[in-house]
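Residues -16 to -1, 1 to 166 (mature numbering (1 follows the signal peptide of the UniProt record, and there is no 0)) are what the sequence shown spells out, left to right.
Just so it is clear, CB atoms sit at the ideal spot from N, CA and C, and this is done for glycine as well.
Note that the coordinates shown come from a computational prediction; the quantities given were computed from them, not determined experimentally.
Beneath this line is the structure, given in structure tokens, with notes to follow.
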Amino acid sequence: MIKRLFLLFIIAIAAASCENDIQAVMDLDSKKAATENGQDIVVLFSQGGRVTARLVAPSMERKLDKPPFVLFNSGLKVFMYNDTLGLESTLSAKKGKYLEDDGDVFLSDSVIVINKKGERLDTKELNWDSKRKIFYSREEVFIKTPTDSLHGWGLEANEDFTVKKILKVSGPITVEDSTSLQ
């Protein structure tokens, strides 16, 4: 009988000592639930029922923290289309971050944009400002066109990269003589 009482006493002490701090459990659980991962990602973007872009990435990580964001740490490629699904431009980068609440995008590490005119932009960083609807960079940029090579620091461009402005141009620039057109 004493052995049974002793055993019950040990079990009661063990059960009482295994109490968890509720806040610690909730914090641990929220950390686990705060990340979503995906592999072989394909995302279609559309407006008014028309596909405007397609994003392809080997992996993504979605953080549900405040503010929520999506990371593309293994590279990404975006194909941008016109109304008839004609390819307007392609964009690639080794890393990307998308802020879900703002709609802003931050691309880095070997960012390359090629538009349908064959113009190519190379930079270390390119960002999308969803409010102003422009791409911009504060880093060094290189633009190669069929007739010219441009270099400088800082850039602003429209959505399809048909209008671009280098903020601080460096090096020679070829300017077409307007009198030769007549």
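Practice prompt. Can you give me the start and stop residues for the beta strand (DSSP E) that Val54 sits inside?
Written response: Along the sequence shown, read from residue 1 onward, the residue named residue 54 stands at position 70. Here the beta strand (DSSP E) through Val54 covers 53 to 56.
Practice prompt. List the endpoints of the continuous beta strand (DSSP E) containing Ala141.
Written response: As a first step, residue 141 must be located in the sequence shown, where it is residue number 157. Annotation: the continuous beta strand (DSSP E) that includes Ala141 extends over 133 to 141.
Worksheet entry | Whole-angstrom C-beta distance between Asp49 and Ala18, which should lie under 8 Å | Within the sequence shown, residue 18 is the residue found at index 34, counting from 1. Within the sequence shown, residue 49 is the residue found at index 65, counting from 1. Between Asp49 and Ala18 the Cβ distance is about 6 Å, and since that is below 8 Å, they are a contact.
Discussion item. Spatial neighbours of Asn57 within its chain, please: C-beta separation below 8 Å, excluding the five flanking residues on both sides.
Written reply: The residue you call residue 57 lines up with position 73 of the sequence shown. Around Asn57: Ser43, Glu45, Lys79.
Worksheet item: Do you know how far the Cα of Lys108 is from the Cα of Lys128?
Response: What you label residue 128 is simply residue 144 of the sequence shown in a count that begins at 1. What you label residue 108 is simply residue 124 of the sequence shown in a count that begins at 1. Near 15 Å, if we compare the C-alpha coordinates of Lys108 and Lys128.
Discussion item. I need the straight-line Cα distance from Leu91 to Asn142, nearest angstrom please.
Written reply: Position 107 of the sequence shown, counted from the start, is the residue given in the question as residue 91. Position 158 of the sequence shown, counted from the start, is the residue given in the question as residue 142. Approximately 16 Å between the Cα atoms of the pair.
Discussion item. Please classify Leu(-10) as buried or exposed, where buried requires at least 16 other C-beta atoms within 10 Å of its C-beta.
Written reply: Here residue -10 refers to the residue found at position 7 when the sequence shown is read from its first residue. The predicted model places Leu(-10) with a pLDDT of 49, which falls under 50 and marks its position as unreliable; any figure quoted below should be read in that light. Classification for Leu(-10): exposed.
Discussion item. Please classify Glu84 as buried or exposed, where buried requires at least 16 other C-beta atoms within 10 Å of its C-beta.
Written reply: Counting from 1 along the sequence shown, the entry for residue 84 is found at position 100. It counts as exposed.
Worksheet item: Excluding sequence positions up to five away, which residues of its chain have a Cβ less than 6 Å from the Cβ of Ser76?
Response: Looking up residue 76 in the sequence shown gives position 92. Once the five neighbours on either side are set aside, the close Cβ partners of Ser76 are Lys61, Ile96.
Fill in: Given Leu39 as reference, the closest of Tyr65, Ser94, Val125, Lys148 once Cα atoms are compared
As a working mapping, residue 39 is identified with position 55 in the sequence shown. When only C-alpha atoms are compared, the closest one is Tyr65.
Practice prompt. State the Cα-Cα distance for the pair Lys25 and Val125, rounded to the nearest angstrom.
Written response: One-based indexing of the sequence shown puts residue 25 at position 41. One-based indexing of the sequence shown puts residue 125 at position 141. The residue asked about is misnamed: residue 25 is Ile in this sequence, not Lys. Going by the C-alpha atoms only, they are around 28 Å apart.
Practice prompt. Can you check DSSP and say which residues form a bridge with Asn111?
Written response: Position 127 of the sequence shown, counted from the first residue, corresponds to residue 111. Answer is Phe90, Tyr120.
Fill in: For Asp93 and Gly136, the rounded distance between their alpha carbons
For the purposes of this step, residue 136 is taken as the residue at position 152 of the sequence shown. For the purposes of this step, residue 93 is taken as the residue at position 109 of the sequence shown. Approximately 17 Å, taken between the alpha carbons.
Discussion item. Assuming the contact rule is C-beta atoms closer than 8 Å, Ser114 and Gly87 should be a hit. Round their C-beta distance to whole Å, please.
Written reply: Taking the sequence shown and counting its residues from 1, one reaches residue 114 at position 130. Taking the sequence shown and counting its residues from 1, one reaches residue 87 at position 103. So it is a contact: roughly 3 Å between Cβ atoms.
Practice prompt. Could you check the C-alpha separation between residue 167 and Glu72 for me, to the nearest Å?
Written response: The requested residue 167 is not part of the displayed model; the chain covers only -16 to 166.
Discussion item. Going by the DSSP bridge assignment, what does Val97 pair with across the sheet?
Written reply: As a first step, residue 97 is located in the sequence shown; it is residue number 113 there, counting from the start. Note: Val97 sits in a beta bridge opposite Leu75, Leu105.
Worksheet item: Nearest-angstrom Cα distance between Val35 and Leu69?
Response: The sequence position of residue 35 within the sequence shown is 51, counting from 1. The sequence position of residue 69 within the sequence shown is 85, counting from 1. Rounded to whole angstroms, Val35 to Leu69 spans 7 Å at the Cα level.
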